[in-house]
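Visitor: According to this note's numbering, the sequence shown is numbered sequentially starting from 176.
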Amino acid sequence: MMQSNTDTTNQYNPLTEGSKDVVEGALRTVDQSTKTATGVSLFHILTLASIGGSLALFFAGKKSAAIFVGLWPPTFQALKSVADTNKENRK
Numbered sequence: 176m177m178q179s180n181t182d183t184t185n186q187y188n189p190l191t192e193g194s195k196d197v198v199e200g201a202l203r204t205v206d207q208s209t210k211t212a213t214g215v216s217l218f219h220i221l222t223l224a225s226i227g228g229s230l231a232l233f234f235a236g237k238k239s240a241a242i243f244v245g246l247w248p249p250t251f252q253a254l255k256s257v258a259d260t261n262k263e264n265r266k
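1. What are the complete alpha helix (DSSP H) segments, minimum 4 residues, inside the segment 192-245?
2. Would you call the CB atoms of Leu232 and Ala240 closer than 8 Å?
3. Which value, in whole angstroms, describes the spacing of the CA atoms of Val279 and Ser225?
4. Leaving aside the five residues before and after Val215 along the sequence, list all residues of the same chain whose C-beta is less than 8 Å from its C-beta, in chain order.
In structure tokens, the structure reads:
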């Protein structure tokens, strides 16, 4: 016996609405909820955290790890740019 679940079919799902890429939809949803809660984008928080982590590693004497973590901020900013561009194109 199959049971239909009509309560979940009418709910808003940001992962599937207008987006074929589930990961991009999830990132956009998490970024929007973070921006609503803190006023700052998730990608900006990750950028500042990786810069701080890189500095902490450098001053702890782990220069190779500091360089590795120090390369992350441009990636986070590129992800934000792509997410914002795709969001504007879908409007």
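Where is the CB? At the ideal position from N, CA and C, for every residue including glycine.
Guide: The short version:
1. Inside the segment 192-245, DSSP marks whole alpha helix (DSSP H) runs of 4 or more residues at positions 197-213, 217-234, 238-245, from first to last along the chain.
2. Yes, they are a contact pair.
3. Limits of the chain in this structure are 176 at one end and 266 at the other, which puts residue 279 out of reach.
4. Around Val215: Thr209.
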